[in-house]
Amino acid sequence: MKRISISPPVAALLLAVILFVLSGLLPNGFGSDLGIARAQALNILRLSAFLGVIAAGQTLVIISGYEGIDLSSGAVVTLTAILTYVVVSGANEKVIPALLLSLVVGALIGFFNGAGISYLKISPFVMTLSMAGVVTGAIIVLNHGNVSGKVAPIMTRLIARPISPGIPIPTVLVIWLLFGILMWVLLERTVYGKNLFAIGVNRVTAKLSGVNVTGMVLATYALAGALAGFGGFLVVGNTGVVMIQLGQPFLFPSIAAVAVGGTLLSGGKGSYWGTMAGAIVLTLLTSLLTTMQMPDSVRRMVLGATLLVLISIYGRQRALRQ
Amino acid sequence: MMRFPALFAWILLAVALFVNFLLQPNLFASDTLNSNMRVFLPLILLTAGEAVVILAGGIDISVGAIVSIVNAILATRVGLSGSPEAMWQYVIVALLVGVLAGAFNGFFVAYLRLQPIITTYATSFLYAGLALFILPNPGGGIPSPIAELYRSTMPLKLPLAFFIIAILLGVWAYIRSTRYGNYLYAVGGKPQAAYETAVPVTLVQFSTYVISGLMAAFAGIAITMLSGSGNAEIGAAMTLTSITAVVIGGTALSGGVGGVAGPVVGAITLGFIQNIISFARIDTWWETLVKALIIVAALATPGIINLFRRRE
């Protein structure tokens, strides 16, 4: 008997299409109007870009294995969004410095995560969760109730608007696609990528084959932090306003997106293409729940159940008797 | 350190008590002691359950959400003007819910062999959503005479919490002396070796999640009686604090080392540290940051000590 097998990224894309068609059948869905359907699809893809970028760092730390995860990314997104907002203050020429600042601050927080995990042997989950608390605390101190700032026109132009009135494709989609290619190069065509998969499979053998495991862990968490910082920069460009809970709603979906894309939560195997497909599925799912006017409680339950089903499919570990 | 894994917790407790005593000279008066201990008790109960799971090599991220479910059930079903009978009925229901939630976690982790962290993280969302579904907005509560029962019962002029902690440690001492107690250490230390020596590894793992679910339900009942009111987010912050208490208490996150007594001391210590923070009159804006930094410092200290031990 031949088993039909489709790779997880393809399965995720199929799931996205099914979910999208289903959302059209809702009473307040797009129905048979193809124009609205296309606009809605483009909007979903646009929103997926933000989750996709935030989930990129998550993909790296999860591939690095040994229960690798980054729970501080939501707080980092909020922090860098606020920093961007304040630094830019509506001036186009301040956009690049703000972007660099976001990347550096994110990388620094990620570096601390990596240091706690590799030197102090704190488990990634606990380390990054407590780091999320520290960053949230820092946000409250910095924020002091309210901040004043403004997004620059060029950010809105590049992040929140289509390429041109004639071409309705959102610019941020192009940015995301280029970003995806860079992630593919990083994972598949560089020494870093090779070593990342190696430490995800087995750190002892990786070390014996000459991989600097500690350096890799530090670099991976720092990179994940920087990518979350980039996510914060993009998110504020889209929303145009900041609030203290801006990044938190991205955290759980970012982990689920990685899982949907077929990246093993135990590490050593995965791809960013999968995560991109996963980000689309998760964005569709959340927008579907919003369209159905589900309360926050139901949304949380659905997200939790989704992840539970996913890890039941992909995440089973070896039995002791094997 | 290795022979006395809880030593760090005791030293920290002594320091915290001393600083607290300087800020609050009547700390050891029985009323003050009671008003402190009744606040600490929910975390102590939660930590004891978390310690058992961690000891057996797992981790339970959903305990805080179970606390929230129990609080939401009691606050909506009993109500501020409810009868004592209704309260005790729903206390039983709450305990069953805790056991059920724990069994659900245990089924996925032990029988389907999923990673504990990510599984219980997923169920924590499920449970937190459920709590919010039962009680969408803070409100409701339990009758104040029943809350008062928890707040001001002082047998022999000692805080009620002392007796509950004594029972808790007594039960743990008994469990540790049984075959099941040995199994916990075996499964947490070397599951493969435990399996090969006929330890029912899967069943033991499953049971630890049921225990932590049950303890989370007890913690939920305690915190509801303490506050007297309902809030579906009440347990959210307790998970990380309980894990921190376990780590301070010398029970390693890798499993197989430590016990329950150390983590209980760790939980009491964290309680006194919270007290110090509120007495130090820190600017409200800074409170979250200071608390988070203390958690990080507490989590980092055992690692820093180990770092120096390896250098020697």
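Chain order of the listed sequences is C and L. FYI, in this note's numbering the residues of the first sequence are 325 to 646. FYI, in this note's numbering the residues of the second sequence are 283 to 594. All residues carry an ideal CB built from backbone N, CA and C; glycine is no exception.
- Residues of the segment 436–458 of chain C whose Cβ lies closer than 8 Å to any Cβ of chain L, in chain order: Gly440, Tyr443, Leu444, Lys445, Ile446, Ser447, Phe449, Val450, Met451, Leu453, Ser454, Met455, Gly457 and Val458.
- Comparing C-alpha distances from tyrosine 596/C to each of Ile637/C, Ile433/C, Arg624/C and Leu510/C shows the shortest one belongs to Leu510/C.
- The Cβ of alanine 629/C sits closer than 8 Å to at least one Cβ of chain L.
- With contacts defined as CB atoms closer than 8 Å, methionine 436/L and asparagine 316/L qualify as a contacting pair.
- Going by DSSP, leucine 350/C is part of no alpha helix (DSSP H) at all; its letter is neither H nor E.
- Against chain L, a Cβ distance below 7 Å from arginine 527/C picks out nothing, because the smallest value is about 14 Å.
- For proline 492/C, no alpha helix (DSSP H) encloses it, and the DSSP letter there is neither H nor E.
- The beta carbon of proline 545/L sits no closer than 8 Å to any beta carbon of chain C.
- Between glycine 517/C and the set Leu384/C, Gly355/C and Ala601/C, the nearest pair of CA atoms involves Leu384/C.
- Contact between leucine 634/C and alanine 583/C holds, since their C-beta atoms are separated by about 4 Å, short of 8 Å.
- The beta carbon of glutamate 512/C does not come within 8 Å of any beta carbon belonging to chain L, so the residue lies off that interface.
- Residue nearest to phenylalanine 576/C within the set Thr452/C, Asn536/C, Gly398/C and Ile387/C is Gly398/C (criterion: CA-CA distance).
- In the DSSP assignment, aspartate 620/C falls within the alpha helix (DSSP H) that extends over 620–638.
- With a cutoff of 8 Å on beta-carbon distance, leucine 453/C and leucine 395/C are scored as near each other.
- Residue burial annotation: glutamate 430/L is exposed, with fewer than 16 other C-beta atoms found within 10 angstroms of its C-beta.
- For alanine 462/C, the closest Cβ of chain L is nearer than 8 Å.
- Counting C-beta atoms within 10 angstroms of its own C-beta, isoleucine 447/L has 16 or more neighbours from the protein chains shown and is therefore classed as buried.
- Here leucine 438/L is exposed, its C-beta having fewer than 16 other C-beta atoms within 10 Å.
- The criterion of a C-beta distance shorter than 8 Å is not satisfied by alanine 498/L and valine 375/L.
- In the structure shown, the three-state DSSP call for serine 524/L is helix.
- Here aspartate 357/C is exposed. Its C-beta has fewer than 16 other C-beta atoms within 10 Å.
- Taken through DSSP and simplified to helix, strand or coil, serine 489/L comes out as helix.
- DSSP, read as helix, strand or coil, puts serine 511/L in strand.
- Contacts between leucine 581/L and chain C, judged by CB atoms closer than 9 Å, involve Gly440, Leu444, Ile446, Val450, Met451 and Ser454 in chain order.
- Inclusion of alanine 501/L and leucine 444/C in the CB contact set at 8 Å is not warranted, their separation being larger than that value.
- Counting every other CB atom within 10 Å of its CB across the protein chains shown gives arginine 591/L a total below 16, marking it as exposed.
- Rounded to the nearest angstrom, the gap between the Cα atoms of threonine 408/C and glycine 471/L is 47 Å.
- Of the residues assessed, asparagine 318/L falls on the buried side of the cut-off, its CB having 16 or more other CB atoms within 10 angstroms.
- For serine 595/C, there is no enclosing alpha helix (DSSP H), as DSSP marks it with neither H nor E.
- Residue environment: methionine 567/C is assigned as exposed (fewer than 16 neighbouring CB atoms within 10 Å of its CB, all protein chains considered).
- In the displayed model, glycine 440/C falls within a helix according to three-state DSSP.
- A contact is defined here as three or more CB-CB pairs under 8 Å, and the segment 519–529 of chain C fails this definition with respect to the segment 339–356 of chain C.
- Within the segment 558–589 of chain L, complete beta strand (DSSP E) segments of at least 3 residues are not found at all.
- Note on isoleucine 386/C: 16 or more other CB atoms within 10 angstroms of its CB, so buried under the neighbour-count rule.
- Within 10 angstroms of the beta-carbon of glycine 355/C lie fewer than 16 other beta-carbons, which makes it exposed.
- In the DSSP annotation of this structure, the continuous segment of the alpha helix (DSSP H) that includes valine 385/C starts and ends at 358–387.
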